[in-house]
Structures are given as C-alpha cells and as structure tokens.
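Engineer: Throughout the sequence shown, residue numbering follows my numbering, covering 7 to 458 in sequence. One structure, as structure tokens, below. Some questions next.
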Amino acid sequence: MRYDIVDTTTTIVAPATAAGGAVMVVRISGSRAIEIADSMFRSRRRLADCQGNTLHYGTLHDEHDEALDDVVVALFRAPHSYTGDDTAEITIHGSEHICSELIRLAIERGAQMATAGEFTRRAFLAGKMDLSRAEAVADIIASDSRWSHNIASTQMRGGYSEHLASLRDELLRLCSLLELELDFSEEDVEFADRRALYTILDEVGMQIEKLTSSFSLGNAIKNGVNVAIVGEPNVGKSTLLNALIEDDRAMVSDIAGTTRDTIEATTNIDGVLFRFVDTAGLRTTENELEQMGIDRTYQAIENAHVILHLCSAENPEFAPIKIDSSTKRYIKVINKIDRITSSDSIANVDAICISAKLHSGIDSLRDTLRSTVDTSKLNSNSVVVSNMRHYAALKSAGEALQSARIALHNNLSSELISEDIRQVLHHLGEITGEITSTDILNSIFSKFCIGK
Ligand code: GDP
C-alpha cells in the first residue's frame, strides 16, 4: 500500500560529490536525462545513440558553445541504473564554478534540482530496493567505523530484507489458511493445524525477539558506545579522556571544578566508535555553575552504555553511584598509580590501575572497553537492527504476535487470529516499505544529502 504523491516523471539534477576534491560528479536522472546531457556535451557520438553502462569522453559546452571543461559521462539506460530511470553521471574537474554552470544549464533545459535523497527515493519507488535497503545507503555514507559499516553493508546488500521476507512469507501462508477456514465457516473445518500454527508463531516470535534484542548492540555500534568518565574532582578524568583519544581535548588543571560542562570526544577502538564524555567532578558544591555541570554528569550517566568510575590511588575509594547494572557496564579505574610507592592500599580493590598522565595501563583499559561490545555476533553477517524506526516496528510486530498466540491459546476464531497475524505483517511491512506513507518517506529521505 503506497500513498505517493511525488512526481517521478521529472528529470532531476544534483552534485553527487562534495566540493573540494580533484573531480566532482553531477548526476542527471529521469526520462529527459540523456537529451539534456547531450545538449551540453560534445563528443564523437551523441549520447542518444550510445548504449547504457558506457563511459564517454568529451567536452562540456555552455549556451554560447564555449567549452567549459573536459568531462567523462557515465551513461545508464532505464531500467539498469540506480534510480531505474535514464541517468547521466558527468565527471567534471572539481570546480564549484563548473559544477554550478552545469546545473544551471541542466535546469534551463528542463531539469529540476533534486531534493535531499531524491535519487534513492526514486530507486525505492521504482522497486530497485526496499525501504530498509534505501535507509542503509544513508547509513553506509555516515558509517565511521568498521563495524558500523559492516551492519549498514549487510542491510544494504539485502540480508535484513531477505530475513524479513521469509518471516512474512511464513505468516502470509498461515493467514491464507486461516482465512480459507472463514469461507467454510459453516462446515467447521480447520485447514491450519493448530499445533503447527503454534510452532510457526513461536519460531517467528523468536526471530522477531532476536532482531529486537540486537538493537542495543546495533544502535551502540551505529551511533558510538557512550562512555561517561565520572569521579570526584581532580582524580584525572580530563587527563584520562585526553589519553584515551590521544589528543588534548579536555583542559587539565589542578584546580578542582575546572570541567564544568561535559566534554565529548570520540575514538575508534578496533573498529568500534566510542564516544567519551568527560564530566564535571561529583562533589557537593555551593557554586551554581558547578552544580549545573554536576547535574549534567548525572544526565551523562543516564545516557551512557559504559561508566568509567575514576578515583585516585592516593585515596582509592569509590563513592557509590546509582547505576542500572542490567543496561550499563560499570568499570572501576584507579588513576595516578605513579603517585604511590606501595600497592598495598589498592591490592584488594577490584579495579583497573592506570596512570593517565604517564599513559600507563591505557591499552589494557582500551581492551576492557572494547570487550564491552561483542562484535563476534556480527562476523557471520547475521542481521543486527541499528535503526530506531525498525526497532519500533519490530516491537509492535512482537506485541501483535503475542496477541495472536493468546488468541490461539484461547481457541478464538480463525478470524481473530488472522487479524492479529495481519497486524504482524503490517508492522514487518513498515520496515521494508510495503506499508508506508508519504510522511514516513519524507522523514526518511530528508535526512539524506542532496545528490544521494
Ligand atoms: P579531573 O578534575 O578529574 O578532570 O582531573 P584532571 O585531569 O584535570 O587532573 C587533575 C590533576 O591531576 C592535574 O594536575 C593532572 O596533571 C594530574 N593527574 C592526572 N592524572 C595523573 C596521573 O596519572 N598521575 C599524576 N601524577 N598526576 C595526574
């Protein structure tokens, strides 16, 4: 079911690359793409006479037939292109002037400037890819670590869609059997064996649950693992942040209360992005500004996946902090071990010992942090949910499935059971885009860049 009011008959144009490189690519796509490209391109042959999936070297000319640049045109013919329409991708030298001239000429000749994500939106509407794969295109572009790339790439290559399609097929088969019973309602027949039905619902339920519970890992990998560095003032939190990211991001000082606001910095540890937050030291204060910083520290603890609680070896005590240990990892760290001559005082404390200033123990701390993220689950290209929209749809699908199980258990009519299963199908369809609305599409594609 699609409610689409977007006009896909126009020809669109946009730069596909960011400015500043040696070359730039401008994309023109739509039924008039080849004609418009031909109107400004001079070569041995007209593009209109050439086959798709070919490259053509020539010159770009303005309306006065002045040569603007030497270019290469990649020609794609419908339906064998990204969008499914005729497409010309013109590679020019990386000049903003040439780029804007090209776009101006294309617009004068009938093209329209593409909106954000319009090329991918057209690819979706042309059935080139389902919605979850289209979303993965944006995730691939945004991926900044090996494992976030891994998740987006599996999704883009369709691993996720295939998985959902097989669940939907199974449920559709069930629905048709149940709905067949309705046609014979007077004869009291059962086409769908109730025991087999239970088994299939359980199996699909388990798959949905597996996908839903993969979200915390997927989300952490996609957006970065949030690590809050907390502890009393002056224990070395800012020094540790700088040591972890190997940069002087946070201000280090002997004056307690220097870090008044939270400071964020990221680093990549063995293919996973970690997002560290250096917080204001936890202590009782009369200072209003410092208190605001401390309030933000509690907020950072709330948002963190991992809490690094720091104390100084000179006073190895960890004041209790309220933490939900079912959702957060709590790691104790004793800093400034270079300041003590005997390790007796810290011998019985279960903590990682470091000297942030001398960079000692930092590798072992990085290893411990990395071990909080179990990427072994991702090795076999298994499907991991990293998108909030998909997570919400899976949650709703799981609830509807549970309701179908209860209906089945209570021996309710086939009509009611199939109604619940239809709901599960509906929510799974929202992920792949079988069920969608213009509002959802607008919200998804507006997050894309222009030219994608
Ligand atoms: P924060 O208030 O917890 O962020 O602490 P800072 O990082 O600002 O550090 C407070 C002081 O402790 C600074 O003078 C640091 O140079 C010093 N410091 C931090 N880590 C160490 C360490 O491992 N050894 C020693 N000797 N001094 C440290």
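All residues carry an ideal CB built from backbone N, CA and C; glycine is no exception.
Compute every distance between the C-beta of residue 299 and the non-hydrogen atoms of the ligand GDP, then say whether any falls below 7 Å.
Structural biologist: Result no, Cβ not under 7 Å from the ligand GDP.
Engineer: Excluding five sequence neighbours on each side, which residues of the same chain lie with their C-beta closer than 8 Å to the C-beta of residue 253?
Structural biologist: Excluding sequence neighbours, residue 253 sits near 271.
Engineer: Closer than 7 Å by C-beta to residue 413: which residues in its own chain qualify, once you throw out the five before and the five after it? Chain order, please.
Structural biologist: The residues are 422, 423, 426.
Engineer: DSSP on residue 37, reduced to helix/strand/coil?
Structural biologist: In this structure, residue 37 counts as coil in the three-state DSSP scheme.
Engineer: For residue 220, which residues from the same chain have a beta carbon less than 6 Å from its beta carbon, with the 5 sequence-adjacent residues on both sides left out?
Structural biologist: Here the set comprises 390, 391.
Engineer: How about residue 121: is its Cβ closer than 7 Å to a heavy atom in the ligand GDP?
Structural biologist: No - the ligand GDP has no heavy atom lying nearer than 7 Å to the Cβ of residue 121.
Engineer: Is residue 421 helix, strand or coil when you go by DSSP?
Structural biologist: Helix.
Engineer: Give a yes or no on contact between the region 361 to 368 and the region 342 to 350, applying the rule of three or more CB pairs nearer than 8 Å.
Structural biologist: Taking 8 Å as the limit for Cβ pairs, the verdict is that the region 342 to 350 does touch the region 361 to 368.
Engineer: Which one or two residues does DSSP pair with residue 270 in a beta bridge?
Structural biologist: DSSP lists 283 as partners of residue 270.
Engineer: With respect to 7 Å, is the separation between the Cβ of residue 351 and the closest non-hydrogen atom of the ligand GDP below this value?
Structural biologist: No, since every heavy atom of the ligand GDP falls outside the 7 Å radius drawn around the Cβ of residue 351.
Engineer: Please determine, among 218, 245, 203, 212, the residue with the shortest C-alpha to C-alpha distance to residue 365.
Structural biologist: Closest by alpha carbon: 245.
Engineer: Using only CA atoms, which one of 70, 78, 107 lies nearest to residue 49?
Structural biologist: When each option's Cα is compared against that of residue 49, the closest is 78.
Engineer: How should residue 147 be labelled, buried or exposed, when 16 other C-beta atoms within 10 angstroms of its C-beta is the threshold for buried?
Structural biologist: Classification of residue 147: exposed, given that the 10 Å Cβ count is below 16.
Engineer: Between residue 211 and residue 317, is the Cβ-Cβ spacing less than 8 Å?
Structural biologist: No, Cβ-Cβ distance for residue 211 and residue 317 is not below 8 Å.
Engineer: Tell me which residues share the same chain as residue 122 and place their Cβ nearer than 7 Å to its Cβ, disregarding the 5 neighbours each side in the sequence.
Structural biologist: Hits under 7 Å: 451, 452, 454, 455, 456.
Engineer: If you count every other CB in all the chains shown that lies within 10 Å of the CB of residue 397, and 16 or more means buried, which is it?
Structural biologist: So residue 397 ends up on the buried side.
Engineer: Three-state secondary structure (DSSP) at residue 214?
Structural biologist: Of the three classes helix, strand and coil, the one that applies to residue 214 here is helix, per DSSP.
Engineer: Hey, residue 99 and residue 75 are a contact pair by Cβ (cut 8 Å); roughly how many whole angstroms apart?
Structural biologist: Yes, residue 99 and residue 75 are in contact; Cβ-Cβ is about 6 Å, under 8 Å.
Engineer: Tell me which residues share the same chain as residue 134 and place their Cβ nearer than 6 Å to its Cβ, disregarding the 5 neighbours each side in the sequence.
Structural biologist: Result list for residue 134: 90, in chain order.
Engineer: Quick one: what's got a C-beta closer than 6 Å to residue 95's C-beta in the same chain, skipping five residues either side?
Structural biologist: Excluding positions up to five away in sequence, the list reads 31, 33, 80.
Engineer: Check whether the Cβ of residue 241 lies closer than 7 Å to any heavy atom of the ligand GDP, and answer yes or no.
Structural biologist: Yes, the Cβ of residue 241 comes within 7 Å of a heavy atom of the ligand GDP.
Engineer: Are there any heavy atoms of the ligand GDP lying less than 7 Å away from the beta-carbon of residue 345, as far as the coordinates show?
Structural biologist: Residue 345 Cβ: within cutoff of the ligand GDP.
Engineer: To which residues of the same chain is residue 107 closer than 7 Å at the C-beta, ignoring the five residues directly before and after it?
Structural biologist: Contacts found: 68, 74.
Engineer: Could you say which of 116, 439, 338, 25 lies nearest to residue 39 if we only look at CA atoms?
Structural biologist: For the residues 116, 439, 338, 25, the minimum Cα distance to residue 39 belongs to 116.
Engineer: May I have the straight-line CA-CA distance separating residue 234 from residue 286, to the nearest angstrom?
Structural biologist: Roughly 11 Å between the two C-alpha positions.
Engineer: Output yes or no for whether 8 Å exceeds the beta carbon distance between residue 281 and residue 230.
Structural biologist: In contact: residue 281 and residue 230 (Cβ atoms closer than 8 Å).
Engineer: For residue 204, count the other beta carbons within 10 Å of its own beta carbon; 16 or more makes it buried, fewer makes it exposed. Which is it?
Structural biologist: Flag for residue 204 reads exposed.
Engineer: Could you name each continuous alpha helix (DSSP H) segment of 4 residues or more that falls completely within the region 310 to 383, going from the start of the chain to the end?
Structural biologist: Runs found: 368 to 376.
Engineer: What do you get for residue 444, buried or exposed, if any count of 16 or more other CB atoms within 10 angstroms of its CB means buried?
Structural biologist: With fewer than 16 Cβ atoms within 10 Å of its Cβ, residue 444 is classed as exposed.
Engineer: Locate the beta strand (DSSP E) running through residue 145, then write down its first and last residues.
Structural biologist: Careful: residue 145 lies outside any beta strand (DSSP E), inside the alpha helix (DSSP H) at 137 to 148.
Engineer: Please report the straight-line C-alpha distance between residue 10 and residue 128, rounded to a whole angstrom.
Structural biologist: Because the pLDDT at residue 10 is just 47, under 50, the model does not fix this residue reliably, and the point stays unresolved.
Engineer: Within this structure, are the beta carbons of residue 430 and residue 177 separated by less than 8 Å?
Structural biologist: Going by C-beta atoms, residue 430 is nearer than 8 Å to residue 177.
Engineer: Where does residue 54 land, buried or exposed, given buried means 16+ other C-beta within 10 angstroms?
Structural biologist: Residue 54 is exposed by the Cβ-count criterion.
Engineer: Is it true that the CB of residue 327 sits closer than 8 Å to the CB of residue 352?
Structural biologist: Cβ atoms of residue 352 and residue 327: not closer than 8 Å.
Engineer: The beta strand (DSSP E) that contains residue 393, what's its start and end?
Structural biologist: Premise fails: residue 393 is in no beta strand (DSSP E) and is neither H nor E.
Engineer: Are residue 213 and residue 180 closer than 8 Å when you measure CB to CB?
Structural biologist: Going by C-beta atoms, residue 213 is not nearer than 8 Å to residue 180.
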